[in-house]
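A.B. asks: Residue numbers (the UniProt record's numbering): 1 to 146.
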Amino acid sequence: MLLPSFEIGSWTEDDVYFWVQQLVRKGDSSAEMSVYASLFKENNITGKRLLLLEEEDLKDMGIVSKGHIIHLKLAIEKLTYDYLNLFHFPPLIKDSGGEPEENEEKIVNLELVFGFHLKPGTGPQCHGSSCTSQRQYNACVRMDTI
1 MLLPSFEIGS WTEDDVYFWV QQLVRKGDSS AEMSVYASLF KENNITGKRL
51 LLLEEEDLKD MGIVSKGHII HLKLAIEKLT YDYLNLFHFP PLIKDSGGEP
101 EENEEKIVNL ELVFGFHLKP GTGPQCHGSS CTSQRQYNAC VRMDTI
């Protein structure tokens, strides 16, 4: 499916119209859903609003078919999921500013800290001189690139 832009939050009403039109496949039972593209445009649904639509909103817009509502909600949920996955990953385009070339040397400082904690047993598991102690190990690594 073609998207007007990966930044769904900046989609206009026309972009949403284009997206809804693509949900309709020729010769498919979803062909009767083609009227919904205009319905979304008439209700001023932008990208931000699209991601916020609930089932009740679709009903208020005049979509009464439960099957069509399910189809639209699944498509919106998939769009939201795909958008959030793209949003949380860095772009694949290399930023030209300040990055060293592959053959350049990098200086990296590593700091490794180990910790050991011993909690002497105190409680119902202690009987006379036989107490169970709890041991806890911690490790922390910090890396700075210069």
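From the three backbone atoms N, C-alpha and C, an ideal C-beta is built for every residue, glycine too.
Source: prediction; values computed, not measured.
Once the 5 residues before and after LEU51 are set aside, which same chain residues still bring their CB inside 6 Å of it?
C.D. replies: Position 51 of the sequence shown, counted from the first residue, corresponds to residue 51. Closer than 6 Å at Cβ, skipping near neighbours: THR80.
A.B. asks: What does the alpha-carbon distance come out to for the pair GLY62 and TYR83?
C.D. replies: Mapped onto the sequence shown, residue 62 falls at position 62. Mapped onto the sequence shown, residue 83 falls at position 83. One C-alpha to the other measures close to 27 Å.
A.B. asks: Hey, out of MET33, GLU7, ASN44, GLN22, whose CA is closest to GLU13's CA?
C.D. replies: Stepping through the sequence shown from its first residue, residue 13 is reached at position 13. Nearest of MET33, GLU7, ASN44, GLN22 to GLU13, Cα basis: ASN44.
A.B. asks: With DSSP collapsed to three states, give me the class of MET33.
C.D. replies: Position 33 of the sequence shown, counted from the first residue, corresponds to residue 33. It is helical.
A.B. asks: Residues in its own chain within less than 6 Å of TYR36 by CB, not counting five upstream and five downstream?
C.D. replies: By 1-based counting over the sequence shown, the position of residue 36 is 36. Excluding positions up to five away in sequence, the list reads VAL20.
A.B. asks: Would you tell me roughly how many angstroms separate the C-alpha atoms of SER38 and SER65, rounded to the nearest one?
C.D. replies: Residue 38 sits at position 38 when you count from the first residue of the sequence shown. Residue 65 sits at position 65 when you count from the first residue of the sequence shown. Taking the straight line joining both Cα atoms gives about 17 Å.
A.B. asks: So, are the CB atoms of LYS48 and TYR17 less than 7 Å apart?
C.D. replies: Start at 1 with the first residue of the sequence shown, and residue 48 comes out as number 48. Start at 1 with the first residue of the sequence shown, and residue 17 comes out as number 17. In this structure, TYR17 does not lie closer than 7 Å to LYS48 by Cβ.
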